[in-house]
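Chains as they are written, first to last, in UniProt numbering: chain A, 1 to 78; chain B, 1 to 78; chain C, 1 to 78; chain D, 1 to 78; chain E, 1 to 78; chain F, 1 to 78.
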């Protein structure tokens, strides 16, 4: 089954740590879908990884994706 | 039934992967509704796909739409 | 019953498509309430419909309103 | 009972229309708390009501407040 | 028990009004934690309380914190 | 078990105060993952801790992370 936008095509992961990694990965795959050119993406990555405001924007995205993943996994309560 | 703003007029999709694709599509259809001129839209797309901050903004939108789609699909838990 | 801020004074609509349209309409009615002058509004609309960043901001708003509408309608699951 | 930040100190309102009005009012009361000087506030209001990006920011705030109010009122389903 | 980030180390408050005040306080305590220097903080506060866009950003933060507080208090329904 | 992105690899904490601290820590660990160079990170931190808009952005991130943590802990109601 194709899974270009979500690794393993699933929101279910074993731990919060994996949930955070998944959140980061999901965001990156959207960037890839929106900008398919790898060289341009690399340039942009260079830009936002050295820009304070954009790093904060990245944090905001990860926080939003993670909220969904955490709910999907029932917050790993059990 | 008309569905200019949501493909198939439904939030229910089979997998998380399709949910991500739907989130991207829903955002694009809002851009289309807000800016009906295809040529202007193409120019703007050119702009935001090469702008680090705007790519991050795109990620934020997709994350927000996806949260709704994921809830609608009960996170594809079963 | 007055309904200057929500068409039909209700969040309940028949389909996701109508839910997206309602989300856009609700956002527009807030703009109208915040800036009652139609001429200024028209100028501003001209600005943000041709600005990539602002179009993305619009998508973010619609995504947020839609999340509420979708929950209100139980995601049109049945 | 003091209610400087929420009219009637309650989230419960009869209709979605009143819910939208409450969302706008709640946002305004936070601005008032953050900037107690009425003259400065008036100047700022002048600024953001004529600025496309800030009007969109206002819409985003109202959408967020309204999500809470709508949930509090069980989306006025009955 | 230490409570540098949340007054009384609790999200439970008696009324929506107190909930709004708590939301503002919680945001301020994060600013304090992120920028421990009181003089710099005072300067920054001066800046954002007179800047329309930043006042709106403040509203957005309070709306987000309040959503959590309101849910914690079951929207003060009873 | 590795936990580079979440301390103790868990969202469950004893108090709201610890929940706020966890929210701040989780955001910082994403910054670290996105920008592994400690010296650059230190420079960026210097920038955003003295910038009013970025401090507010930080508050927004913490508010978003905290919403998830609070839900995971059932708002520490009992």
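Using N, Cα and C, we set each Cβ at its ideal position, and we do this for glycine too.
Is the Cβ-Cβ distance between residue i and residue j less than 8 Å?
i	j	result
residue 9(E)	residue 17(F)	yes
residue 50(E)	residue 40(D)	yes
residue 64(E)	residue 64(D)	yes
residue 56(E)	residue 48(E)	no
residue 35(A)	residue 60(F)	no
Pop quiz: residue i and residue j are said to be a contact at Cβ under 8 Å. What is the actual Cβ separation, rounded to whole angstroms?
i	j	result
residue 66(B)	residue 23(B)	4 Å
residue 52(B)	residue 44(A)	4 Å
residue 62(C)	residue 30(B)	5 Å
In or out: residue i buried (at least 16 other Cβ within 10 Å) or exposed?
i	result
residue 70(C)	buried
residue 21(A)	buried
residue 27(B)	buried
residue 78(F)	exposed
residue 1(E)	With a pLDDT of 45 at residue 1(E), under the threshold of 50, the predicted position of this residue should be treated as unreliable, though the coordinate-derived value follows. Its Cβ having fewer than 16 others within 10 Å, residue 1(E) is exposed.
Under three-state DSSP, which class holds residue i?
i	result
residue 13(F)	coil
residue 1(E)	Because residue 1(E) sits at a pLDDT of 45, beneath the cut-off of 50, its placement in the model cannot be relied upon, and the following sentence gives the value as read from the coordinates. Of the three classes helix, strand and coil, the one that applies to residue 1(E) here is coil, per DSSP.
residue 19(A)	helix
residue 37(A)	coil
residue 78(C)	coil
residue 30(B)	helix
residue 73(A)	coil
residue 6(C)	coil
residue 50(E)	coil
**Q.** Residues of the stretch 34 to 62 of chain A whose Cβ lies closer than 7 Å to any Cβ of chain F, in chain order
**A.** Hits within the stretch, in order: 49, 50, 52, 53, 55, 56, 58, 59, 60, 62.
(Q) Counting only Cβ-Cβ distances shorter than 7 Å, please list the residues of the stretch 10 to 21 of chain E near chain D, keeping chain order. (A) Of all residues in the stretch 10 to 21 of chain E, the ones placed with a Cβ closer than 7 Å to any Cβ belonging to chain D are 15, 16, 17, 20, 21, in chain order.
Q. Any residues in the stretch 62 to 76 of chain A with a beta carbon nearer than 8 Å to a beta carbon of chain F? Which ones, in chain order?
A. Cβ contacts with chain F: 62, 63, 64, 66, 67, 70, 71, 75, 76.
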